[in-house]
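Undergrad: Got a structure for you, written out below as structure tokens; questions coming shortly.
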Amino acid sequence: MAVRLAAAITPISLLLPDVPAHSQAVELPSITVTASPIVRRAVRPARTPGPRDTAPETSFDAPAPAPSPELYLGTLRVVVDQFATVTVMPRGEIDRATGQTLGEILQDKPGIASSGFAPGAASRPIIRGLDNYRVRIQENGIGASGVSELGEDHAVPLDPLAAQSVEVIRGPATLRFGSQAIGGVVNAENNRIPTAIPQRGLAFEGRGAVTSVDRGREGAMLLDTGAGNFAIHADIWGRNSGDYKIPSYPYLFPEEPAPLVNRWQPNSAHRSNGNSIGGSYVFDRGYFGFAYATMDSKYQVPGQEATETRTSIDMKQTKLTSKGEFRPDSLAVETIRYWLGSTDYRHAEIADEGGFYGEQQYFLSNQREGRIEVQLQPFDLRFAALTTAIGLQAGRETLNAPGVEGGLFDPNTTRSVAGYMFNELRFNTTQRLQLAGRIESNVVKGAVPDLFVDPDLNIRRDRSFMPINGAIGFLQDLPGELVASITAQHVERAPRAPELLSRGVHEATGTFDIGNPDLRTEVTHSVEVGLRRAKGPLRFEASAFYTRFDGFIFRNLTGQRCGEDFASCAHDPTLALALAQAVYDQRDATFRGAEVQAQYDVAPLARGVWGIDGRYDIVRATFTDGSNVPRIPPQRLGGGVYYRDGQWFARVGLLHAFPQNDIADYETQTGGYDLLKAEISYTSKLRGDPAGLSEFKLGIVGDNLLNDDVRFAQSFKKNEVLQPGRTVKLFATVRF
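Set out below in structure tokens:
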């Protein structure tokens, strides 16, 4: 099969352009991702029979290298050594993004959209049409979602200002982190737990930006220091913005009398801040460290009724994390790694209800999570080199959502324990196979009445699930620096507590949510094929996927409206009830789609190159009866022209989103839109500066320059919330 595949691809490789002479001299930056538990190091300690002090120097002994800039700024990062698509967003690209949340900075990437509920504050990533409990968000390998997955109005307690890079992991590697990540994993990496000593013993970085659309200001300061075996990190960050400008009137179906809006999205201001401190002990065979971080955020919720009631959310989170790595002098074990996290989260939903302005509802979450992995030394099977990684993961979460009107659910607890194994077989330098498996035990305990039988009788619910998951992937290196991949997965997902036990008002989303305590395990079968190229003047990645869900769990809008209790729910439009009834349901569904992004260096220009780029993505999701799955992003097509060298990056690009007419019941069609973006940035490495300045970066970005009306088809608020209009962002970074 591999021979036939190589033969089929060879004609394609012959058509690929040769590398321009100018770009041959430029080394593209390496990419390090955390998708797989199997890690191969450039520097690996040799086994020695002598005492530890005679062990050879490793990367942990040497001072950490200075953060290297993108040698060619704006280079398309293509990961070719993973068994499925991995999207990497380095710090330089985060700086050039005009968005302020994880969903917003990633929404230009193929296959990724933003929920767009409260722009600038609450916008989660949606991956291939999947969101909430199917997308795991984490920081340095530890879950960091708070309660953002159970309500689109809930912000992710993780700000891109504190991240050094963000990666999006799809496919078999998600089994490393849990079956609650069928759609993918969004992992933000930073240095809050240091892994090495700074090169000169001290490093400082300052980041700042201003935005015109919302009069926004943001800034961060990061400090790393260390000596001997100890390293310390500290950071502090904050952002503040007012209501943002919009191109036209935001409400498609305003209540009478229609409120006056003066080109600003009402009730859309927000502010947030946070800080952290961490330290590590670094030694010749690894490190271990701890970090403590806090985040506070207060943001308003846009929408007509939310504006009338002055709805806002006040969020606080504290988090203690630890991670480490040990490489023993062993013939059997290569590396042992661990991650631990403890998070306390709360937010209050504040509104004016019944003449009382104050905290109407609370969401409280307490999470504990731990994971340990053992990577074994490669084993020669004669026909292949086998590398195995074995992991154990455990977690516990307690949730509560009390409120003035009874709250969304009663206190509940979810416990999970899982074991997983990754096996990678390297047949030769061009062929690799990965086999991965995971088995979990999930127990959900709580109480909920059967609202359709007796709303006053609270019934104890103890549900147990045992998802079993497996995946296989194959990589084949082909002529022309091409890499082909094919992966297949069987994933089972246990229902989460809110899907089972919700039974009341969710104030900020404007819904009356009803859980289904009889939901069964959601089963998924998927296959993905891909072709990638990371080197040369033409860099690209293309993939196509097909996913079949047996018992897809979704929040179904029934068309009824509700007041503060279930008895008030009715189809009668004359009652003017404020809340949309949403019932968790389960049906078989099929998702299929494709993603392409490419970048081509056309010719040398001055000290760099100029080129063109392009991207396309589409996802189509239907139930087995042919009806549409709710809130699916539209297909998008875009491209641009750029110049890049070691210091300058400039680009002008246009992204077109097509109209979304494939909608579910009680949804509204959305029109197409065009996003024109222009940017230019300059980065300078300063050597021998008397003030100690080592790097300076300055840039300006203009987004939605056509000032087009943008409504996200995937947003619950698309009839009431326009995305920001024309904006200009000025940013700067300094490093010492």
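Under my numbering, the sequence shown has 610 at position 452, and the numbering climbs by one with no breaks. Glycine included, each C-beta is placed from N, C-alpha and C at the ideal position.
1. For glycine 721, which of Gly662, Asn398, Thr679 has the nearest alpha-carbon?
2. One question on the structure: do glycine 830 and histidine 814 come within less than 8 Å of each other, judged by their Cβ atoms?
3. Does the contact criterion of 3 or more C-beta pairs under 8 Å hold for the segment 444 to 453 versus the segment 258 to 278?
4. So glutamine 903 packs on aspartate 502, CB below 8 Å; how close in whole Å?
5. Given that a residue counts as buried once 16 or more other Cβ atoms are within 10 Å of its Cβ, and exposed if not, what is lysine 693?
6. Going by Cα to Cα distance, which pick from Ser281, Leu288, Asp239 is closest to glycine 257?
7. In the structure shown, what three-state DSSP assignment does phenylalanine 724 receive?
8. Select from Ile284, Pro195, Ser480 the residue whose C-alpha is nearest the C-alpha of glycine 301.
9. For a quick check, are the C-beta atoms of histidine 664 and leucine 566 less than 8 Å apart?
10. What are the boundary residues of the alpha helix (DSSP H) that includes glutamate 463?
11. Check whether the segment 310 to 327 touches the segment 243 to 263, taking contact to mean three or more Cβ pairs, one atom from each stretch, closer than 8 Å.
12. So is threonine 891 buried or exposed if we call it buried at 16+ other beta carbons inside 10 Å?
13. Output yes or no for whether 8 Å exceeds the beta carbon distance between arginine 286 and glycine 341.
14. Just to check, is the beta-carbon of serine 726 closer than 7 Å to a non-hydrogen atom of the ligand MG?
15. Which runs of the beta strand (DSSP E) at least 3 residues long sit entirely within the segment 598 to 658? Give them in chain order.
16. Check arginine 826 in the structure and name its three-state DSSP category.
17. Measuring CA to CA, which of Asn387, Thr780, Phe514, Ser701 is closest to alanine 921?
18. Determine the closest residue to alanine 713 out of Ala761, Gly766, Val787, Ala646, with distance taken between C-alpha atoms.
19. Can you give me the C-alpha to C-alpha distance between proline 277 and serine 426, rounded to a whole angstrom?
20. Please work out which residues of its chain come closer than 8 Å, Cβ to Cβ, to isoleucine 252, disregarding the five sequence neighbours upstream and downstream, and give them in chain order.
21. Compute the beta-carbon to beta-carbon distance between alanine 193 and valine 244, rounded to the nearest angstrom, for a pair I have assumed lies under 8 Å.
22. Give a yes or no on contact between the segment 601 to 611 and the segment 630 to 643, applying the rule of three or more CB pairs nearer than 8 Å.
23. Can you name the residues that DSSP bridges to tyrosine 450?
24. To test your reading of the DSSP string, which unbroken beta strand (DSSP E) runs of 3 or more residues are found completely within the segment 723 to 789?
25. Contact defined as beta carbons within less than 8 Å: I believe lysine 835 pairs with aspartate 861. What is the distance between those atoms, to the nearest angstrom?
26. Can you tell me whether aspartate 211 is buried or exposed? The criterion is at least 16 other CB atoms within 10 Å of its CB, across all chains shown.
27. Let me know the secondary structure DSSP gives asparagine 398 once reduced to three states.
28. Anyone know if the C-beta pair for aspartate 775 and glycine 797 falls short of 8 Å?
29. Could you tell me the distance, in whole angstroms, from the CA atom of aspartate 708 to the CA atom of serine 273?
30. Between the C-alpha atoms of isoleucine 711 and aspartate 614, what's the straight-line distance to the nearest angstrom?
31. To the nearest angstrom, how far is it from the Cα of isoleucine 196 to the Cα of arginine 254?
32. Using the DSSP secondary-structure output, state which residues sit across from alanine 576 in a beta bridge.
33. Once DSSP output is grouped into helix, strand and coil, what is the label at aspartate 832?
34. Kindly indicate the opening and closing residues of the alpha helix (DSSP H) around glycine 516.
35. Could you check where the alpha helix (DSSP H) with arginine 282 kicks off and where it finishes?
36. What are the partner residues of alanine 378, as DSSP defines its beta bridges?
TA: Let me spell this out:
1. Gly662
2. yes
3. no
4. Summary: the structure shown does not reach residue 903, with the chain confined to residues 159 through 894, and so no result is reported for it.
5. exposed
6. Ser281
7. Helix.
8. Ser480
9. Their beta carbons are under 8 Å apart, which means histidine 664 touches leucine 566 by this criterion.
10. 462 to 466
11. yes
12. buried
13. yes
14. The ligand MG is absent from the structure shown, which contains no ligand whatsoever.
15. 616 to 623, 626 to 636, 640 to 651
16. A quick correction: the sequence has threonine, not arginine, at residue 826. Threonine 826 falls in the coil class under three-state DSSP.
17. Nothing about residue 921 can be read from this structure; the chain reaches only from 159 to 894.
18. The question names alanine, yet the displayed sequence has arginine at residue 713. Here the closest residue by C-alpha is Val787.
19. 7 Å
20. Ile263, Pro318, Ala321, Ser323, Val324
21. Their Cβ separation, rounded to whole angstroms, is 5 Å, which keeps alanine 193 and valine 244 in contact under 8 Å.
22. no
23. Ile435, Leu478
24. 737 to 763, 766 to 781
25. 5 Å
26. Low local confidence applies: a pLDDT of 33 at aspartate 211 is under 50, so the model's placement there is unreliable, with the coordinate-based value given in what follows. Exposed, since its Cβ has fewer than 16 Cβ neighbours within 10 Å.
27. strand
28. no
29. 24 Å
30. 26 Å
31. If you take the alpha carbons of isoleucine 196 and arginine 254, they lie about 32 Å apart.
32. Gln551, Glu598
33. Here aspartate 832 sits in strand by DSSP.
34. The continuous stretches of alpha helix (DSSP H) do not include glycine 516, which lies in the beta strand (DSSP E) extending over residues 514 to 534.
35. In this chain, arginine 282 is not harboured by any alpha helix (DSSP H), its DSSP state being neither H nor E.
36. Arg365, Trp395
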